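Residue numbers (our numbering), protein chains in the order written: chain A, 5 to 147; chain B, 64 to 496.
For every residue, glycine included, the Cβ atom is placed at its ideal position computed from N, Cα and C.
These numbers come from a predicted model, not from an experiment.
Take a look at the structure below.
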Ligand SMILES: Cc1cc2nc3c(=O)[nH]c(=O)nc-3n(C[C@H](O)[C@H](O)[C@H](O)COP(=O)(O)OP(=O)(O)OC[C@H]3O[C@@H](n4cnc5c(N)ncnc54)[C@H](O)[C@@H]3O)c2cc1C
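As structure tokens, then:
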């Protein structure tokens, strides 16, 4: 009985590990510097023009509108950036969904990463879904 | 039926009408018909509630007088406001492998800013992607932070010496006063104003979700200022005779050093309106009315605790003796909410004690409003009539400097009794013992 339970446990653990391995296949995390500083600057412009009215100049949101810092990392953390890219492409800015062009989309993601404490790197974040599928949003340490 | 203003005098010496309600009706019809007959003659249709020409919206002429006699006084509570010159500490720091996020030092505004402040602290916690967090402290800040963390999907354990009912938070007066001794303008700097506004607005919205809940944890009521002379907003210009000012580790030296931010949220915290003499039910010639949001401690504490436990929260009764103990907790993200106690526990001597006390009279359910006169106030809430005497022992109004640097946390009935004696006659005959 105990042995069988142990076996079952071991099998479950294997399945779990396998599952994790599959989701951890992305090659990079945002802690490694996946966007360029210039791109984040461009993203800041997009943000100011198309997002700040709702999410606030300092990204802190309101009672009704989600903040794009802090909790934002909680909501999108350990998820491939492709998911965020898709969401922004479909849904934001909310008053004109579907109008965020791919270069603006990745630029604004770069800006959001910077504002959430992810470091800049040498190369810009590509507007390429397959590549974004391999980069996950890493946790950050606040101060 | 007795009106508080019965014995009062209006500025021109006339005795106010006994039956204000009836008087108003008469005027409504007159004004309604004349001034706005154009508004489709609504005022003339004989309805007692014409659409135009009404007295100022929301005015309530017939107040039941509060019973302010000494035999009603059942409790006097004293408390220390944890003021930090730079505003609340919301920073994060590492302690070994543990991340400590601070959320303490809210001065006289802890209740009012609780939700906004929790949002910031929990936002920081969330960015590390924890599954669980520890919250240290179960006053209004700790408990609200715990609930906000749960609403964000985290497993939460509160570690504290006391549950909210026995904390300093339950010794406050309990109104929405978000810029009360919350920071000193200069050391806090202009950026604090922006942060404060976020916290105040978010909290306001959060509190409004409790309106009308069982037990009325949050309510609105009328608040009257009454005076023998016209009421103007009190300003505290810098007194040039006082040359010193706050220095790190020290105290503010005068009122003008305190930060004031309420003007930023004028759109939600409306300015008071003057009452016309015939609308003034008090025994002094000048009165203003404003609306005030306030908290009933018993039901609000119950509502928060119920939510916390219903969402699977754990409470562990524990006293910490030094910061290093936090690193030994199983949770690796810890939100630190010990309020004034952080001065000792975290060795934060930038916390300035600001003593304050409240008297509590037997609740009076037929009279839910507040009255202030010369910085003496009574506020009738469901959990009792709160009495405050914010004058110094010599009877002088020293504004926000009252209690600064004073960590004597034992109540003194004298000033509360004195406030009752002064306020009682404002209610006309109804308030006489
Ligand atoms: C007279 C007066 C009137 C006030 N009126 C208002 C008002 O109308 N509106 C308003 O917004 N604010 C008001 N305030 C301010 C408000 O009361 C405070 O800002 C607020 O209570 C601070 O709450 P807190 O949760 O940070 O601290 P506390 O309520 O002090 O809670 C601290 C918690 O930490 C725990 N703790 C402390 N040390 C340790 C330790 N070493 N180990 C374990 N646990 C520990 C305690 O047990 C407690 O649970 C008033 C204050 C006073 C004095």
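Check                                                                                                                        : Outcome
Residue ranges of each beta strand (DSSP E) within the stretch 314-386 of chain B, 3 or longer                               : 349-358, 377-380
DSSP bridge partner residues for residue 450 of chain B (one or two, in chain order)                                         : B:422, B:441
Limits of the beta strand (DSSP E) - the one that residue 497 of chain B falls within                                        : This structure gives no information on residue 497 of chain B, because the portion of chain B shown stretches from 64 to 496.
Residue span of the alpha helix (DSSP H) that contains residue 58 of chain A, given as start and end                         : 56-59
Through-space distance from residue 141 of chain A to residue 84 of chain A, alpha-carbon basis                              : 6 Å
heavy atom of ligand 1 below 6 Å from residue 371 of chain B C-beta                                                          : no
Cβ-heavy atom distance, residue 442 of chain B to ligand 1, below 6 Å                                                        : no
Residues bridged to residue 152 of chain B (per DSSP)                                                                        : B:167
Coarse secondary structure for residue 411 of chain B, derived from DSSP in three states                                     : coil
Residue nearest to residue 82 of chain A in terms of C-alpha spacing, selected from B:193, B:153, B:136                      : B:193
Contact under 7 Å by Cβ, residue 447 of chain B with residue 136 of chain B                                                  : no
Within the stretch 189-219 of chain B, ranges of the alpha helix (DSSP H) (whole runs, at least 4 residues)                  : 203-214
Alpha-carbon to alpha-carbon, residue 331 of chain B and residue 51 of chain A                                               : 28 Å
Start-to-end residues for the alpha helix (DSSP H) that takes in residue 113 of chain A                                      : 106-119
Per-residue contacts from residue 158 of chain B into chain A (C-beta, under 9 Å)                                            : Those do not exist, as residue 158 of chain B stays about 12 Å from chain A at its closest Cβ, beyond 9 Å.
Partners in chain A for residue 265 of chain B, counting only beta-carbon separations shorter than 8 Å                       : 66, 67
Straight-line Cα distance separating residue 371 of chain B from residue 489 of chain B                                      : 43 Å
Terminal residues of the beta strand (DSSP E) in which residue 77 of chain A lies                                            : It is not in any beta strand (DSSP E) - residue 77 of chain A instead sits in the alpha helix (DSSP H) that spans 75-80.
Residue 298 of chain B, DSSP secondary structure in three states                                                             : coil
Near ligand 1: residue 148 of chain B beta-carbon under 6 Å from a heavy atom                                                : no
Simplified DSSP state of residue 160 of chain B, which is helix, strand or coil                                              : coil
Short Cβ contact (7 Å threshold) for residue 281 of chain B with residue 172 of chain B                                      : no
Contacts that residue 145 of chain A makes with chain B (C-beta to C-beta distance below 7 Å)                                : 162, 191
Continuous alpha helix (DSSP H) stretch holding residue 94 of chain A: start and end                                         : 85-95
Residue 379 of chain B beta carbon near ligand 1 (any heavy atom closer than 6 Å)                                            : no
Contact list for the stretch 67-96 of chain A against chain B, Cβ threshold 7 Å                                              : 67, 71, 73, 74, 75, 77, 78, 81, 82
Cβ-heavy atom distance, residue 204 of chain B to ligand 1, below 6 Å                                                        : yes
Environment of residue 200 of chain B [buried if 16+ CB atoms lie within 10 Å]                                               : buried
Contact test: residue 354 of chain B Cβ vs ligand 3 heavy atom, cutoff 6 Å                                                   : Ligand 3 is absent from the structure shown, which contains only ligand 1.
Of the residues B:366, B:452, B:311, the one placed nearest residue 275 of chain B, counting alpha carbons only              : B:366
Residue 223 of chain B: CB within 6 Å of a non-hydrogen atom of ligand 1                                                     : yes
Residues, ordered as in the chain, of the stretch 121-143 of chain A that lie near chain B by beta-carbon distance below 8 Å : 121, 143
Own chain residues within Cβ distance below 6 Å of residue 130 of chain A, not counting five before or after                 : none
Amino acids of chain A, ordered along the chain, whose beta-carbon sits closer than 7 Å to that of residue 210 of chain B    : The contacting residues do not exist; residue 210 of chain B stays about 15 Å from chain A at best.
Residue 28 of chain A at chain B interface by Cβ criterion, 7 Å                                                              : Note on residue 28 of chain A: pLDDT 44, under 50, position unreliable in the model; the coordinate value appears next. Chain B, which has no Cβ nearer than 7 Å to the Cβ of residue 28 of chain A, makes this no.
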